[in-house]
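Below is one structure, written out as structure tokens; the observations come after it.
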Amino acid sequence: MPFVRIDLRRGRTEEELQAVSRAVHRALTEMAGVPEDDYFQVITQHEAGEFRYDPGYLGISRTDSLIFIAITMGRGRGAETKRALYARTAQLLEESAGVRPEDVMIIVTENTLEDWSFGQGIAQHARGDRTGGEAR
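What the sequence shown shows, in UniProt numbering, is residues 1 to 136, in sequence order.
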């Protein structure tokens, strides 16, 4: 149950944005076990003055093609899974959208089942706050 925010500089085509979106989601399904239909993303393009970064932090050469990817998802995935997710995301973005791995920054934030409401004002995955069965 990830919620993904993708931030990048303005100027990408609709096809490029779609390729970025699908690459990120594919990496989540392959590496983090996210179901294919668990697809919630917000993509925001920014003007140059609204998008700031250090072009050489940690010795990584970044360009204006940098993409920030913030993933909020439920707890339970270990460091190895997260490292695999980062690597696969960068690989798929390079293959499908032409984004250099140096221009991919990913931040994962984890939370609990009670922190999610997918609609109807209830926490569908939390025990005691779901109609139609047990929480997953």
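By construction, the Cβ of each residue, glycine as well, lies at the ideal position given by its N, Cα and C atoms.
The bridge partners DSSP lists for M105 are F68. Taking E16 as the centre and dropping the five residues before and after it, the same chain places the C-beta of A97 closer than 7 Å to its C-beta, in chain order. Segment contact: the region 108-116 against the region 71-91, three or more CB-CB distances shorter than 8 Å; contact assigned. Apart from the 5 residues on each side of it in sequence, E30 sits with its Cβ closer than 7 Å to the Cβ of R88 in its chain, given in chain order. Contact between the region 79-94 and the region 55-64 is absent, with fewer than three C-beta pairs closer than 8 Å. Around the beta carbon of V24, 16 or more other beta carbons lie within 10 angstroms, which makes this residue buried. Distance from the CA atom of R9 to the CA atom of Q18, rounded to whole angstroms, is 15 Å.
Burial check for P35: the Cβ neighbour count within 10 Å stays below 16, so the residue is exposed. One alpha carbon belongs to R62, the other to R22, and they sit about 22 Å apart. Relative to F68, the option among G78, T81 and Q45 whose CA is nearest is Q45. DSSP places V42 in no alpha helix (DSSP H) but in the uninterrupted beta strand (DSSP E) bounded by Q41 to H46.
The C-beta distance from D38 to P2 rounds to 7 Å, short enough to meet the 8 Å contact threshold. A check of alpha carbon separations from E102 across L66, R83 and A79 identifies L66 as the nearest.
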